[in-house]
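Engineer: Quick one: structure below, then a few questions.
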Amino acid sequence: MKINISGHHVEITDAIVDVINSKYEKIANHFPSLMSLDAILTVDKNAHKIEINTNYENQKVAVSATDDDMYVAIGNSVKKMEAALQHRKGVLKANLHNKFNVKQSELVANA
């Protein structure tokens, strides 16, 4: 999985890149069809924010997390992204089982 990391008012260090890659490695294992993530890190007056955007099964999935510490915000975003992807996966499975079925008696015309 490819992770594109950009920063707004923050310098992207090797430590931040390593933490993001290691935390999102678990999600990459659970959702192998996930090809890429876009991460935007922002710092505004001691509030660290991370926004993650991706496309899973033709549906946009986006989460964001804010905290006083960037590493805590990254950890929270991982939990939120995993929950959002599980929800999307459940919706897809539910739609597969609820397709409209026509009963055999309705197909045969009464003579």
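Position one of the sequence shown corresponds to residue 4 (the numbering used here), numbered consecutively onward. C-beta atoms are modelled at their ideal positions from N, C-alpha and C, and glycine is treated no differently. Please read all numbers here as calculations on a predicted model, not as lab measurements.
1. Let me know if residue 95 comes out buried or exposed under the rule of 16 or more other beta-carbons within 10 Å of its beta-carbon.
2. Which parts of the segment 24-85 are runs of the alpha helix (DSSP H), unbroken and 4 residues or longer, counting only runs that do not cross its ends?
3. Thinking residue 30 and residue 88 are a contact (beta carbons under 8 Å), I'd like their distance in whole angstroms, please.
4. Identify the residues that DSSP records as bridge partners of residue 10: which are they?
Structural biologist: Straight from the coordinates:
1. Stepping through the sequence shown from its first residue, residue 95 is reached at position 92. With fewer than 16 other Cβ atoms within 10 Å, it is exposed.
2. none
3. Locating residue 30 in the sequence shown gives position 27, counting from the first residue. Locating residue 88 in the sequence shown gives position 85, counting from the first residue. Correct: roughly 7 Å between the Cβ atoms.
4. Taking the first residue of the sequence shown as 1, we reach residue 10 at position 7. Residue 10 pairs with 44.
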